[in-house]
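Residue numbers (full-length UniProt numbering), protein chains in the order written: chain A, 1 to 242; chain B, 1 to 242. Heads up, the beta-carbon is just placed ideally off N, CA and C, and yes, glycines get one too.
Protein chains: 2
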Amino acid sequence: MTTEDGSTDGVTGAEADGVDEYADLGATTESAMEIAETSMDRVRELVPDETLADRIRQKSVHATGDPEFQHLVRFTGDTEDEPVVAGARAVLDERPIVTDITMVKAGITGRGHDCPVRKAIGNGSELAKRTGMTRTAASVLELDREGVYDDAVAVVGNAPTAALALADCIEDGTRPAVVVATPVGFVKAAESRERLREVAAARGVPAVTNVGRRGGSGLAAGLTNELVHVASDVRSGEVELP
Amino acid sequence: MTTEDGSTDGVTGAEADGVDEYADLGATTESAMEIAETSMDRVRELVPDETLADRIRQKSVHATGDPEFQHLVRFTGDTEDEPVVAGARAVLDERPIVTDITMVKAGITGRGHDCPVRKAIGNGSELAKRTGMTRTAASVLELDREGVYDDAVAVVGNAPTAALALADCIEDGTRPAVVVATPVGFVKAAESRERLREVAAARGVPAVTNVGRRGGSGLAAGLTNELVHVASDVRSGEVELP
Numbered sequence: 001m002t003t004e005d006g007s008t009d010g011v012t013g014a015e016a017d018g019v020d021e022y023a024d025l026g027a028t029t030e031s032a033m034e035i036a037e038t039s040m041d042r043v044r045e046l047v048p049d050e051t052l053a054d055r056i057r058q059k060s061v062h063a064t065g066d067p068e069f070q071h072l073v074r075f076t077g078d079t080e081d082e083p084v085v086a087g088a089r090a091v092l093d094e095r096p097i098v099t100d101i102t103m104v105k106a107g108i109t110g111r112g113h114d115c116p117v118r119k120a121i122g123n124g125s126e127l128a129k130r131t132g133m134t135r136t137a138a139s140v141l142e143l144d145r146e147g148v149y150d151d152a153v154a155v156v157g158n159a160p161t162a163a164l165a166l167a168d169c170i171e172d173g174t175r176p177a178v179v180v181a182t183p184v185g186f187v188k189a190a191e192s193r194e195r196l197r198e199v200a201a202a203r204g205v206p207a208v209t210n211v212g213r214r215g216g217s218g219l220a221a222g223l224t225n226e227l228v229h230v231a232s233d234v235r236s237g238e239v240e241l242p
Numbered sequence: 001m002t003t004e005d006g007s008t009d010g011v012t013g014a015e016a017d018g019v020d021e022y023a024d025l026g027a028t029t030e031s032a033m034e035i036a037e038t039s040m041d042r043v044r045e046l047v048p049d050e051t052l053a054d055r056i057r058q059k060s061v062h063a064t065g066d067p068e069f070q071h072l073v074r075f076t077g078d079t080e081d082e083p084v085v086a087g088a089r090a091v092l093d094e095r096p097i098v099t100d101i102t103m104v105k106a107g108i109t110g111r112g113h114d115c116p117v118r119k120a121i122g123n124g125s126e127l128a129k130r131t132g133m134t135r136t137a138a139s140v141l142e143l144d145r146e147g148v149y150d151d152a153v154a155v156v157g158n159a160p161t162a163a164l165a166l167a168d169c170i171e172d173g174t175r176p177a178v179v180v181a182t183p184v185g186f187v188k189a190a191e192s193r194e195r196l197r198e199v200a201a202a203r204g205v206p207a208v209t210n211v212g213r214r215g216g217s218g219l220a221a222g223l224t225n226e227l228v229h230v231a232s233d234v235r236s237g238e239v240e241l242p
């Protein structure tokens, strides 16, 4: 798969945090397959395995290496499964996956989907200069002006200000297919996710987020890849969407 | 800065986990600067600020959003500061920074250094096919054959098998300037770092690692960026290396 920045690294998907050991998407050699199965087997001993939302919980544990993280994930929608269903549908519909920063984009799998993968950062530098807002926030607003976020898989892994900007866009009428937001840190990270959850709930936008200060690019990429994985299972008939 | 894969994204450094809010390297707008100072101020309230090793501890907390992570970092060397000093010197000497996967490479700052930044993944696919070892492990062995790891900043953020392969290389005589290894997960991640620490100690290779299952690409990139940051402070006279 060729990504928009010209990289032809078809193995990107195998490189996201934890995904290197992920049997169905990334592991292409015998040894990696073995690790993959053991790793997900261990996660399944620690996290329920009943619903689509559980798969996101499992992935959060897989990506962070921390069994406790399953309790920090939040699902915004009429049901817990709704954001997972919406995400899988968006992947099947080949909607764009739009990340905040390059690092998250680099973690999105190249396999199992034909979605264009874009990053926000790099856009809106004029706006940032003029207004003094962060470059990531400006980049989200700039892409939003171009209509990029409507029906897209909107992913924020790093920047609280990007999450806040995305919340503003949703409040102003933008409708992503699903939001995956796990910015990390001590300033505004938890608050930005809380605001995203409020706005998303009010506007009917499904979202996967977490509570607390933890999070990050690896987690955001991992959760997004799990949406791709669910879509693959739909395609192969293993999973049926409601 | 132009990276080896042709990307000209000079703002990469501002994109690593947590680095978007990092005043001296990444924050270029007023709003980002404010967040940056508050964020690192909060971290400094939670983590000692006396030694060079403390800066790595601070960064680990900053990157993970978890004050407890400071206790999980391990320093291999005659002193705790040694790997930080060795890393800063390697950066000042413009030695290569070699990451395991694309995602970690994407998180390495483009500012404050003139080191070539390379990734291992993408090399050694023949070896992986032939032997059944993971692609990341094969890629490390392949680069090692080319002598890439000698005197380099060797970074492993994702793949336990890459960390194990790097340990094998060190055992066989390779001498990185410093190792930064924080692979994450339930299978072999903690063990791979333990083995790296043993081999690095035995062979006199300074290393920054962590204990436990947690870790990941964002952390590895963040800690490596802190080495770059220390090097910048040496250049500006704020820090003197022993």
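Would you report the Cα separation of Gly212(A) and Ala181(A), rounded to the nearest angstrom? Position 212 of the first sequence, counting from 1, holds the residue named residue 212(A). Position 181 of the first sequence, counting from 1, holds the residue named residue 181(A). When rounded, the distance between both Cα atoms is 12 angstroms.
Check whether Thr51(A) and Glu82(A) have beta carbons under 8 angstroms apart: By 1-based counting over the first sequence, the position of residue 51(A) is 51. By 1-based counting over the first sequence, the position of residue 82(A) is 82. 8 angstroms or more divides the Cβ of Thr51(A) from the Cβ of Glu82(A).
Counted within 10 angstroms of its Cβ, other Cβ atoms place Pro242(A) as buried (16 or more) or exposed: Along the first sequence, one-based indexing puts residue 242(A) at 242. Exposed.
Which parts of the region 122-192 of chain A are runs of the beta strand (DSSP E), unbroken and 3 residues or longer, counting only runs that do not cross its ends? With a minimum length of 3 residues, the continuous beta strand (DSSP E) runs that stay inside the region 122-192 of chain A are 153-156 and 178-181.
Per-residue contacts from Arg214(A) into chain B (C-beta, under 8 angstroms): Residue mapping note: residue 214(A) aligns to position 214 of the first sequence, counting from 1. Within 8 angstroms Cβ-Cβ: Thr64, Gly65 and Asp66.
Ala207(A), enclosing beta strand (DSSP E) - first and last residue: Reading the first sequence from its first residue, position 207 is the one you call residue 207(A). Per DSSP, the unbroken beta strand (DSSP E) holding Ala207(A) starts and ends at Ala207 to Asn210.
DSSP state of Thr64(A) mapped onto helix, strand, coil: Taking the first residue of the first sequence as 1, we reach residue 64(A) at position 64. It is helical.
Between Ala154(A) and Val91(A), which are expected to be in contact by the criterion C-beta below 8 angstroms, what is the C-beta distance as a whole number of angstroms? Numbered from its first residue, the first sequence carries residue 154(A) at position 154. Numbered from its first residue, the first sequence carries residue 91(A) at position 91. With 8 angstroms as the limit, Ala154(A) and Val91(A) do not qualify as a contact, their Cβ atoms being about 13 angstroms apart.
Throw me the rounded Cβ distance for the Val230(A) and Ala200(A) pair, which I believe falls under 8 angstroms. As a position in the first sequence, residue 230(A) is number 230, starting the count at 1. As a position in the first sequence, residue 200(A) is number 200, starting the count at 1. Wrong, their Cβ atoms sit about 19 angstroms apart, outside the cutoff.
Report buried or exposed for Leu142(A), applying the criterion of at least 16 other Cβ atoms within 10 angstroms of its Cβ. On the first sequence, residue 142(A) is found 142 positions in, with the first residue counted as 1. It should be pointed out that residue 142(A) corresponds to Glu in this sequence rather than to Leu. Around the beta-carbon of Glu142(A), 16 or more other beta-carbon atoms lie within 10 Å, marking it buried.
Please name the residues in the region 181-210 of chain A whose beta-carbon is closer than 7 angstroms to at least one beta-carbon of chain B, in chain order. Look at the region 181-210 of chain A: the residues with a C-beta under 7 angstroms from a C-beta of chain B are Val184, Gly185, Phe186, Val187, Lys188 and Ala189.
Where the beta strand (DSSP E) through Thr102(B) begins and ends: Position 102 of the second sequence, counted from the start, is the residue given in the question as residue 102(B). It is not in any beta strand (DSSP E) - Thr102(B) instead sits in the alpha helix (DSSP H) that spans Thr102 to Gly107.
Across the region 120-127 of chain A and the region 56-69 of chain A, are there enough close Cβ pairs to call them in contact, namely three or more that are closer than 8 angstroms? Not touching, per the Cβ criterion.
Got a sec: is the Cβ-Cβ distance from residue 311(B) to anything in chain A below 8 angstroms? Residue 311(B) falls outside the range modelled here, since chain B spans only 1 to 242, and no answer is possible.
Within the same chain, show all residues whose beta-carbon is closer than 7 angstroms to that of Thr224(A), passing over the 5 residues directly before and after it, in chain order. Within the first sequence, numbered from 1, the residue matching residue 224(A) stands at position 224. So the list reads Ile97, Ile108, Val153, Val155 and Val180, once near-sequence residues are dropped.
Would Thr99(A) pass as an interface residue toward chain B - the criterion being a Cβ-Cβ separation below 8 angstroms? Locating residue 99(A) in the first sequence gives position 99, counting from the first residue. With 8 angstroms as the cut-off, Thr99(A) does not count as an interface residue toward chain B.
Starting from Val230(A) and walking both ways along the alpha helix (DSSP H), at which residues does that stretch end? Locating residue 230(A) in the first sequence gives position 230, where the first residue counts as 1. Where Val230(A) is concerned, the enclosing alpha helix (DSSP H) stretches over Ser217 to Arg235.
Am I right that Arg197(A) and Thr76(A) are in contact with their C-beta atoms under 8 angstroms? What's the rounded C-beta distance? Counted from its first residue, the first sequence places residue 197(A) at position 197. Counted from its first residue, the first sequence places residue 76(A) at position 76. At roughly 5 angstroms, the Cβ-Cβ gap stays under 8 angstroms, so Arg197(A) and Thr76(A) are in contact.
State yes or no: is the C-beta of Lys119(A) within less than 8 angstroms of the C-beta of Gly222(A)? As a first step, residue 119(A) must be located in the first sequence, where it is residue number 119. As a first step, residue 222(A) must be located in the first sequence, where it is residue number 222. The Cβ atoms of Lys119(A) and Gly222(A) lie no closer than 8 angstroms to each other.
Contact set between the region 77-89 of chain A and chain B, restricted to residues whose Cβ is under 8 angstroms from the partner: Listed in chain order, the positions of the region 77-89 of chain A with a beta carbon within less than 8 angstroms of a beta carbon of chain B would be empty, since no residue qualifies.
Taking the continuous alpha helix (DSSP H) assigned at Val89(B), which residues delimit it? Taking the second sequence and counting its residues from 1, the one referred to as residue 89(B) is at position 89. The sequence as given places Arg at residue 89(B); Val does not occur at that position. Arg89(B): member of the alpha helix (DSSP H) spanning Glu82 to Leu92, first to last residue.
Would you identify the three-state DSSP class for Val117(A), choosing helix, strand or coil? In the first sequence, counting from the first residue as 1, residue 117(A) sits at position 117. Of the three classes helix, strand and coil, the one that applies to Val117(A) here is strand, per DSSP.
Could you tell me how far apart the beta carbons of Arg145(A) and Ile170(A) are, in whole angstroms, since I believe they sit closer than 8 angstroms? One-based indexing of the first sequence puts residue 145(A) at position 145. One-based indexing of the first sequence puts residue 170(A) at position 170. So it is not a contact: roughly 14 angstroms between Cβ atoms.
Check whether the Cβ of Val91(B) lies closer than 8 angstroms to any Cβ atom in chain A. Translated into positions along the second sequence, residue 91(B) becomes position 91. Taking CB atoms only, Val91(B) has no neighbour in chain A less than 8 angstroms away.
Is there a Cβ of chain A sitting closer than 8 angstroms to that of Gly173(B), yes or no? Here residue 173(B) refers to the residue found at position 173 of the second sequence. Judged by the 8 angstroms Cβ criterion, Gly173(B) is not in contact with chain A.
Note down, in chain order, all residues in the region 94-120 of chain B with a beta-carbon under 7 angstroms from any beta-carbon belonging to chain A. Listed in sequence order: Ile101, Thr102, Met103, Ala106 and Gly107.
Extent of the continuous beta strand (DSSP E) run through Arg74(B): Residue mapping note: residue 74(B) aligns to position 74 of the second sequence, counting from 1. Going by DSSP, Arg74(B) is part of the beta strand (DSSP E) stretching over Val73 to Thr76.
By the 10 Å Cβ neighbour count, where 16 or more other Cβ atoms means buried, how is Glu94(B) classified, buried or exposed? As a working mapping, residue 94(B) is identified with position 94 in the second sequence. Taking every protein chain shown into account, the CB of Glu94(B) has fewer than 16 other CB atoms within 10 angstroms, so this residue is exposed.
Please report the straight-line C-alpha distance between Asp233(A) and Val239(B), rounded to a whole angstrom. Here the question's residue 233(A) lines up with position 233 in the first sequence. Here the question's residue 239(B) lines up with position 239 in the second sequence. Distance between the alpha carbons of Asp233(A) and Val239(B): 54 angstroms.
Run down chain B in chain order and give the residues with a C-beta less than 7 angstroms from the C-beta of Val43(A). To locate residue 43(A), count along the first sequence from 1; it is residue 43. Neighbours of Val43(A) on chain B, chain order: Phe186.
Give me, in chain order, the residues of the same chain whose beta-carbon lies closer than 6 angstroms to that of Arg57(B); leave out the 5 immediate sequence neighbours on both sides. Within the second sequence, numbered from 1, the residue matching residue 57(B) stands at position 57. Cβ-Cβ distances below 6 angstroms link Arg57(B) to Val47, Gln70 and Val73 in the same chain, with the five nearest sequence neighbours on each side left out; the list follows chain order.
For Thr38(A), decide whether its Cβ has a neighbour in chain B, counting only Cβ atoms nearer than 8 angstroms. Counted from its first residue, the first sequence places residue 38(A) at position 38. Chain B, which has a Cβ nearer than 8 angstroms to the Cβ of Thr38(A), makes this yes.
Nearest-angstrom Cβ-Cβ length linking Asp151(A) and Ala189(A), presumed shorter than 8 angstroms: Here residue 151(A) is taken as the residue at index 151 of the first sequence, counted from 1. Here residue 189(A) is taken as the residue at index 189 of the first sequence, counted from 1. Their Cβ separation, rounded to whole angstroms, is 26 angstroms, which puts Asp151(A) and Ala189(A) out of contact at 8 angstroms.
Which same chain residues end up closer than 6 angstroms to Ser7(B) when comparing Cβ atoms and leaving out the 5 residues on each side of it in sequence? Against the second sequence, residue 7(B) aligns to sequence position 7. Model confidence at Ser7(B) stands at a pLDDT of 32, short of 50, so the residue's coordinates are unreliable and nothing is read from them.
Going along chain A in order, which residues have a C-beta closer than 7 angstroms to the C-beta of Gly124(B)? Along the second sequence, one-based indexing puts residue 124(B) at 124. Annotation: Gly124(B) has no Cβ neighbours in chain A at a cutoff of 7 angstroms; minimum Cβ distance is about 11 angstroms.
Secondary structure of Thr38(B), DSSP reduced to three states: Within the second sequence, the letter at position 38 stands for residue 38(B). Correct three-state label for Thr38(B): helix.
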